[in-house]
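Residue numbers (the working numbering), protein chains in the order written: chain A, 139 to 521; chain B, 76 to 320. Note that the Cβ used here is the ideal one computed from N, Cα and C, for glycine as well. Here the structure comes first, spelled out in structure tokens, and everything after it is commentary.
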Amino acid sequence: MRYSDNLHVKQKGIKMKQFIAFVNKEFRHIIRDNRTLLIIIGMPIVEILLFGFAINMEVQNITVAFYDPSPDAITTGITERIKENSYFNNQGNMPSVAKMEEAMQKGDLDLAVVFQQNFQEDLVQTGNAAVQLLANSSDPNRGSISATYATAIIAGYQQEQMELMHIPFQIQTENRMIYNPQMKSSYMFVPGIMGLVLMIICTIMTSVSIVREKERGTMEVLLASPLKQGTMIFAKTIPYMVISFIDFIIILLLSYFVLGVPINGSLLLLFLVALIYISLTLTYGLTISTLVDKQMNAVIFSAITAMIPVLMLSGMIFPVGNMPVVLQAFSAIVPARWFIDAVRKVMIQGQGLFMIWKEVLIMIGMTIFLLGVTIAKTKKRLE
Amino acid sequence: MTNKVIEVSNLTKKFGSFTAVNHITFDVKEGEIFGFLGANGAGKTTAMQMLCGISMPTSGEGTVAGYDIIKENELIKRNIGYMSQKFSLYEDLKVWENIRLFGGIYGLSNKVIAEKTDALLKQLNFAEERNTLVKYLPLGWKQKLAFSVAIFHEPKIVFLDEPTGGVDPAMRRRFWEMIYDASERGITVFVTTHYMDESEYCNRVSIMVDGRIEALDTPAALRHQFNADTMDEVFRQLARKAERD
């Protein structure tokens, strides 16, 4: 009796058998490919460490110099305050404003503090004295932040002096940074890195692994076999789903223990959000694989439509609220934006499912839409 | 009279305005080695893909292994083996892993797979290469392995698309010995080739020109019909008619 005749009898177990055989094969492909394996495990570690230590979004090490034509108690007090602040790197007093400009042009100076003549005298007599802050704004961000820091220090000093001098009126402003009191940028980018890494693994690697079968000709053999396309595609996604969760856990552990980012919300909810996002990005990878035939095209297509929007439009680096309205609208179709929002809310702000239902529903909606496109585009037989 | 395992009539495949396969009608008998010849672009691969249930015919009808090629292509797939023009095994998997994968896809039990793998590797003198990654095998070995994998599940018919492309003559002879072995075991062999000497090994040969079958008979009868000494000459006479590039 032929085995092929046997097959008619034993149809029930065949799908499971095919599925297991195929998942097994996919894992072996990944394990054999050392470079890819290194990338998928190393990438989250490198990115967390890179963003955590090297790419610091805070402005630090601001070089500052002072011009003080008539030193007195108050100007000295302000100068001392700025000097002792850890964000500033003191270059000392300079003999003229011209010298300061020169240093600024050379790039040696970020901020110049220029006091007026007879500062204390004027302040006591008229209640008014001027100090000018010249910030090197060739890097506009650094320039404005440097000036803001110095302004805050001067305002703080002035406040103290007013109290000491018993001047009856005082203006009190209090800025409190909620959720991120130290203004740590790691709170911002950890969810962003999660969004990016999961996107790279799920979308790029899944689409490439399917397109590779087309390019190498093995897809033809699979199509001529009794393996159903649905079984094959589902089996393809399993290893990447497993790897995604491993990376997600690596990022969580690193950010918690190394960067000190808290996990204020429910861990279970965080994993649920990750699961939804992973399903979404895997589905997008499948969609791409139905649109292109070459591995190179799959990489380029995923990079342009998945990675760049994550970096630019998801709010990972540039806050969505600061974007022009057109880009804000565009960012709404970037899956990572909703994932990053949801992770920030759960992880940093400790909110529950009721506060992220919108993000969750949008991601589920996107998954269903892409799944529909994929099924419609999947060719049952070669054209 | 033996059974017909492939029977098609007026099978046609169009891609837009281009007719790749133009109303072909033929049949293949059980156990036969059927040579499917034609220049590059004559429509061999497309015709073969329709028979394997990979490609949907534009018109025409037929059966393969007793199943309708339009309605029952999933049943056909269970009863055939297929070896594509491109090398069809996974280079980054070991020899035994490739065998197990395809055994699993055809639904064989682990026990059957293990037994048959041992027997196969012994028969091919491959026992030492069991754990070798396929990419490290010489091309001739790879093709022998690909053929063995294509018939591992004992299909009724095996389709071979240019199986000996790029292999030296000695290796091609050994490959044909394997084809004869399979045929003796009752597996029908449907093979495309552009090596004319190989067409002499076939029981019957069809020659496609511009999407149509221009000649179909035993090699001896074709030589007689075209008054030629070799199949090569027969082929050249027919190929001259071709209008496609």
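Check, Outcome
"Pairwise C-alpha distance: Ala122 (chain B) and Gly141 (chain B)", "18 Å"
"8 Å CB neighbourhood of Arg249 (chain B) in its chain, flanking five on each side removed", "Gly215 and Lys219"
"Beta carbon proximity, Arg166 (chain A) to chain B, threshold 8 Å", "yes"
"Distance, Ser284 (chain A) Cα to Phe160 (chain A) Cα", "58 Å"
"For Val233 (chain B): DSSP bridge partner residues", "B:Gly156 and B:Val264"
"Where Asn85 (chain B) sits in the DSSP three-state scheme", "strand"
"Spatially closest choice to Phe204 (chain A) from A:Met181, A:Phe253, A:Ser382 and A:Arg354, by CA coordinates", "A:Phe253"
"Residue of A:Gly265, A:Asn228, A:Arg350 and A:Val184 minimising C-alpha distance to Ile389 (chain A)", "A:Val184"
"7 Å Cβ shell around Gly113 (chain B) - same chain, five flanking residues per side excluded", "Lys119, Ile282, Met283 and Val284"
"Leu168 (chain B): contacting residues in chain A (beta-carbon distance under 9 Å)", "Lys163, Arg166, His167 and Arg170"
"Straight-line Cα distance separating Ile262 (chain B) from Tyr276 (chain B)", "16 Å"
"Spatially closest choice to Gln198 (chain B) from B:Phe227, B:Phe111 and B:Lys231, by CA coordinates", "B:Phe227"
"Within chain A, partners of Cys48 (chain B) - CB distance below 7 Å", "Residue 48 (chain B) lies beyond the residue range present for chain B, which begins at 76 and ends at 320; the question has no answer from this structure."
"4 or more residues per run - each alpha helix (DSSP H) lying fully within the region 360-423 of chain A", "367-395"
"Chain A contact for Gly182 (chain B) (CB, 8 Å cutoff)", "yes"
"Heavy atom of the ligand HEM within 7 Å of Gly281 (chain A) beta-carbon", "As for the ligand HEM, it is missing from this structure, which has no ligand bound."
"Delimiting residues of the alpha helix (DSSP H) encompassing Phe439 (chain A)", "Gln433 to Ser440"
"C-beta contact flag for Gly116 (chain B) and Lys152 (chain B) at 8 Å", "no"
"Of the listed residues A:Leu247, A:Phe157, A:Gln487 and A:Thr428, nearest to Ser345 (chain A) (C-alpha basis)", "A:Thr428"
"Complete runs of the beta strand (DSSP E) confined to the region 92-161 of chain B [at least 3 residues]", "93-104, 108-113, 134-139 and 155-158"
"Below-8 Å beta-carbon distance, Lys155 (chain A) vs any chain B residue", "yes"
"Cross-strand partners of Arg287 (chain B) (DSSP beta bridge)", "B:Val284"
"Rounded C-alpha distance that separates Arg311 (chain B) from Pro244 (chain B)", "21 Å"
"Span separating the alpha-carbon of Leu465 (chain A) from that of Leu410 (chain A)", "28 Å"
"Beta-carbon separation (whole angstroms), Glu351 (chain A) vs Met357 (chain A), contact threshold 8 Å", "4 Å"
"Bridge partner(s) assigned by DSSP for Arg279 (chain B)", "B:Phe109"
"Touching by the beta-carbon criterion (3+ pairs, under 8 Å), the region 200-214 of chain A and the region 394-410 of chain A", "no"
"Segment contact, 8 Å Cβ cut-off, at least three pairs: the region 421-440 of chain A with the region 334-341 of chain A", "yes"
"Presumed contact (8 Å Cβ cut-off) between Phe109 (chain B) and Asn278 (chain B), rounded CB distance", "7 Å"
"Three or more C-beta pairs below 8 Å linking the region 290-301 of chain B and the region 262-273 of chain B", "no"
"Gln229 (chain A) (DSSP reduced to helix, strand or coil)", "strand"
"Candidates A:Gly453, A:Val458, A:Gln433 and A:Leu418: closest to Phe507 (chain A) by CA position", "A:Leu418"
"6 Å Cβ shell around Thr207 (chain B) - same chain, five flanking residues per side excluded", "Val170"
"Closest residue to Tyr181 (chain B) among A:Gly265, A:Leu247, A:Ile371 and A:Leu360 (Cα-Cα distance)", "A:Leu360"
"6 Å CB neighbourhood of Trp476 (chain A) in its chain, flanking five on each side removed", "Glu497, Ile500 and Met501"
"Bridge partner(s) assigned by DSSP for Gln270 (chain A)", "A:Val252"
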